[in-house]
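Position 89, counted from 1, in the sequence shown is what the working numbering calls 91; the numbers after and before it change by one each time, with no gaps.
Where a beta carbon is used, it is the ideal one built from N, C-alpha and C, also for glycine.
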Amino acid sequence: MNQDQPFDINRVIADAKQIISNPRGYYQAMPKSGGFVEPLIFIAVMAAVMGLISAVLSLFSSSVAGLLAAGFAAIILAPIGAIIGAFIGAAILFVIWKLMGSTETYETAFRCLAAATALYPIVALLSIIPYISTIVGIAWAMYLMIEASVIVHGRERKTAQIVFGILGVLLILSNISSERAARTMEHKTHEMGKMLEEYQKLPADEAGKKMGEFLKGLEKGMGESAK
């Protein structure tokens with residue numbers, strides 16, 4: 003991400019390849035300043051690629067309308083969300099590195115984080131395997147932050163490994179828990195949809211009776227979960 007050159011998609015691709023294959027070399031050559039425009043463009047491109055991959059994968063489970071919605075999200079919403087998340091994430095990393103004794107600026111923290119978005123397309127590809135994308139994505143991102151801590155911020159490797167190792171474990175546990183809850187809810191919603199379709203085929207009185215039984219069972223299950 004060299005601010006002295008105009009935007010070039012080939013250079014964005016080359017940067018992404020280097021971040022993945024040789025992160026130490028990338029961080030050693032990374033400018034610590036030069037503005038936010040180029041790292042923002044890098045984030046937007048990586049997020050768009052991630053979104054497009056997700057849209058293509060949705061071909062196996064979505065309708066044409068769903069695919070069009072996913073494509074819209076890939077082009078517009080994913081980059082916007084990624085950029086907003088990057089500013090927030092960089093602020094958190096800036097505080098962490100300050101606590102570790104770094105004297106670098108917020109812009110440097112932002113550039114370190116922006117580089118990690120090169121993982122977005124890989125995470126999108128791995129999303130077909132439950133939980134693997136979460137574990138690999140977070141672990142790999144923490145490895146990049148360790149390298150950035152040592153090379154860019156001049157921190158001790160052991161200290162960086164402890165800090166981002168703990169952070170990585172907490173993030174993995176939190177994200178897996180959230181993903182598990184989301185998958186469970188999605189499964190229950192799907193089953194409920196199928197059940198409602200079956201009820202529509204029944205006479206009104208029988209459908210009402212079965213719906214009452216279903217609601218009683220749901221209430222009982224929620225009561226047991228609350229205990």
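Between the CA atoms of residue j and residue i - distance to the nearest angstrom
i	j	result
Ile86	Ala80	10 Å
Asn12	Gly83	24 Å
Ser35	Glu158	22 Å
Ile124	Leu173	18 Å
Gly167	Met144	7 Å
Ile90	Val14	23 Å
Leu30	Thr186	The residue asked about is misnamed: residue 30 is Gln in this sequence, not Leu. Distance between the alpha carbons of Gln30 and Thr186 is about 44 Å.
Met147	Ser135	18 Å
Gly156	Arg113	15 Å
Trp142	Val171	12 Å
Met32	Ala117	9 Å
Met102	Leu61	45 Å
Leu127	Ser56	8 Å
Phe38	Tyr108	11 Å
Ser179	Tyr122	21 Å
Glu226	Glu181	In this predicted model, Glu226 has a pLDDT of only 48, less than 50, meaning its place in the structure is not dependable; the value taken from the coordinates is given anyway. Taking the straight line from one Cα to the other gives about 22 Å.
Ala88	Ile43	12 Å
Ala111	Ile130	31 Å
Ala49	Thr161	30 Å
Gly139	Ser176	14 Å
Leu54	Ala92	25 Å
Val51	Val58	11 Å
Gln163	Ser104	15 Å
Ile137	Glu40	28 Å
Glu106	Lys100	8 Å
Limits of the unbroken alpha helix (DSSP H) element including residue i
i	result
Gly83	80-101
Met294	An answer regarding residue 294 cannot be provided, because it is not within the stretch 3 to 229 covered by the chain.
Lys19	11-23
Thr110	108-118
Residue i burial status per 10 Å Cβ neighbour count (16 or more: buried)
i	result
Ala228	With a pLDDT of 45 at Ala228, under the threshold of 50, the modelled position of this residue cannot be trusted; read the value that follows with caution. It counts as exposed.
Ala183	exposed
Met224	With a pLDDT of only 48 at Met224, under 50, the local geometry of the prediction cannot be trusted, and no value is derived from it.
Ala16	exposed
Thr119	buried
Pro25	buried
Phe9	exposed
Leu230	Residue coverage of the chain in this structure runs from 3 to 229, which leaves residue 230 outside it and unanswerable.
Ile45	buried
Ile78	exposed
Pro132	exposed
Ile153	buried
* **contact_flag[the segment 14-25, the segment 92-101] where n(CB pairs < 8 Å) is 3 or more** => no
* Curious, which full-length alpha helix (DSSP H) runs of at least 4 residues does the segment 125-178 contain? -> 134-153
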